[in-house]
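Student: Next up is a structure, given as structure tokens.
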Amino acid sequence: MRIMDQGHPAATRRVVVRHHALVRLAHWANVPVLLGLVASGLSIYWASPVHQHPVDPTTDSTDYLADLGFWISHPAPGTSADPGAWFYDHFGLGTFRLAQALRLHWLLAYVFMTIGLLYAIGLASGGGFKALLPRRSDVGGAFAMLRYYLGVAPARLLRRPWPHPPVKSKYNPLQRIAYLAMPLLGVLAVASGWAMHKPVQLKWLERLFVNYEGARIIHFWTMVAFATFVIPHVVLAVADGWDTLRSMVTGWSYRVRARHGRE
Amino acid sequence: MDESERPGERRRMTLAKWLAEPDESSVELPLSKVRTRTRRDFLLWSAGGLFAAGRVNTI
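Sequence lines, in order, name chains A and B.
Just so we're aligned: 210 in my numbering is position 210 of the first sequence, and the numbers increase by one with no gaps anywhere.
Take any residue in the second sequence, note its place counting from 1, add 1000, and you have its number in my numbering.
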């Protein structure tokens, strides 16, 4: 990083262009869209849960997510008027809102598909997909990164050196696996969604998921995978510092010397 | 981000060139340009965030 004479009109700064505008647009547009898809999806799920168990004699529940609401409300009575609806009230649009949830889910699904299409066109024609392609060394590299992430906090506390594994490409192996998995999960979510929406017209698609129930299970678990990805993604992005967040907004990073050192 | 053009020269950006993945080589940019674009991008980002939050409130 170099700043030459900030007061001078010709002052310059050395930056590295990291993220294409399309990648940034797709990334940030997907944040509210995915949140809305998950929230509306949960309210649709409430009407007919995919995973059910025999009736619980105490709560009359057959739904694991409703059980979660009972379990959370139990230590704090009065938390929710209907403890079984707690999860859907807090993470979804609520219960008994199926029609509204379906309308919103489809609106957002079309936005999601449009963003995905733009992202795919950009990646394919601009060559950005190469940075996401898995490499032979990724398995070992992913474990090295996992070891680094798990040990970085204890090492800081113990004031011991904990060097970042060398990264010679845009993304480290763990990032590459995660960032490749996201578009693939997106395709899976869209395909299973269409298989559920048009099981007669798109019978061939439904059959790819074995049957209608199979498409529902895959659609539900892709949502879980998206939600699971978000937590470590946000934690690691915050832990990596301001430059990482800024680069996802502006596209450039000030970490010039870090290019071949670490992400 | 090509800074080689002369003042007054209009940059001709083809779609293919615009779509091309940045090569991650470092470039020296005028500080004023870095600041202006950073401000512009954060304003757009904030506007998008406010718009999304506003839509959530209507649900």
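All C-beta atoms in this analysis are idealised placements derived from N, C-alpha and C, irrespective of residue type, glycine included.
For the beta strand (DSSP E) that V55 (chain A) lies in, which residues bound it at each end?
Tutor: Here V55 (chain A) belongs to no beta strand (DSSP E), and DSSP marks it neither H nor E.
Student: Quick test of your reading: L205 (chain A) and A191 (chain A), contact by CB under 8 Å. State the CB separation rounded to the nearest angstrom.
Tutor: 6 Å
Student: Quick one: Cα of A109 (chain A) to Cα of S43 (chain A), how far?
Tutor: 15 Å
Student: So, does the CB of L1043 (chain B) fall closer than 8 Å to a CB anywhere in chain A?
Tutor: no
Student: Looking only at DSSP bridge pairs, what is L1029 (chain B) linked to?
Tutor: A:R13
Student: Quick check on DSSP: helix, strand or coil for W252 (chain A)?
Tutor: strand
Student: So which residues of chain B does A131 (chain A) contact, with C-beta pairs closer than 8 Å?
Tutor: E1021
Student: At least one CB of chain A closer than 8 Å to the CB of A1052 (chain B): is that the case?
Tutor: yes
Student: Just to confirm, are M196 (chain A) and P173 (chain A) a CB contact at a threshold of 8 Å?
Tutor: No, the pair does not count as a contact, with Cβ atoms beyond the cut-off.
Student: Do G116 (chain A) and F87 (chain A) have their CB atoms nearer than 8 Å?
Tutor: It is not a contact, given that the beta carbons lie outside the stated cut-off.
Student: Between the Cα of A39 (chain A) and the Cα atoms of A:V15, A:V33, A:I72, A:L93, which residue gives the shortest distance?
Tutor: A:L93
Student: What residues of chain A sit near T1038 (chain B), judged by a beta carbon separation below 7 Å?
Tutor: T250
Student: Cβ of N30 (chain A) less than 8 Å from any chain B Cβ?
Tutor: no
Student: Between G127 (chain A) and chain B, is there a C-beta pair that is closer than 8 Å?
Tutor: yes
Student: Hey, out of A:T12, A:L65, A:L25, whose CA is closest to L1029 (chain B)'s CA?
Tutor: A:T12
Student: Mind the definition here: the region 119-128 of chain A touches the region 1014-1024 of chain B only if three or more C-beta pairs lie below 8 Å; say whether that holds.
Tutor: yes
Student: Among the candidates A:Q201, A:L104, A:Q175, A:P199, whose CA atom is the shortest distance from the CA of V230 (chain A)?
Tutor: A:Q175
Student: Would you tell me roughly how many angstroms separate the C-alpha atoms of V139 (chain A) and R207 (chain A), rounded to the nearest one?
Tutor: 32 Å
Student: What residue from A:W242, A:L150, A:A21, A:D89 has the CA that sits closest to Y45 (chain A)'s CA?
Tutor: A:D89
Student: Taking just the CA atoms, how far does S1046 (chain B) sit from N1057 (chain B)?
Tutor: The alpha-carbon of N1057 (chain B) is positioned some 16 Å away from that of S1046 (chain B).
Student: Which ranges would you report for the alpha helix (DSSP H) in the region 104-181 of chain A if only whole runs of at least 4 residues count?
Tutor: 138-157
Student: Check the Cβ-Cβ distances between H20 (chain A) and every residue of chain E, and say whether any is below 8 Å.
Tutor: Of the chains in the structure shown, none is chain E; the protein chains are A and B.
Student: Of all the options A:Y254, A:F226, A:G241, which has the alpha carbon lying nearest to the alpha carbon of V33 (chain A)?
Tutor: A:F226
Student: Quick one: residues in its chain with C-beta nearer than 6 Å to the C-beta of T59 (chain A), no 5 flanking neighbours on either side, listed in chain order?
Tutor: F70
Student: Just grab the DSSP bridge partners of D1023 (chain B) for me.
Tutor: DSSP, once it has assigned bridges, lists no residue as partnering D1023 (chain B).
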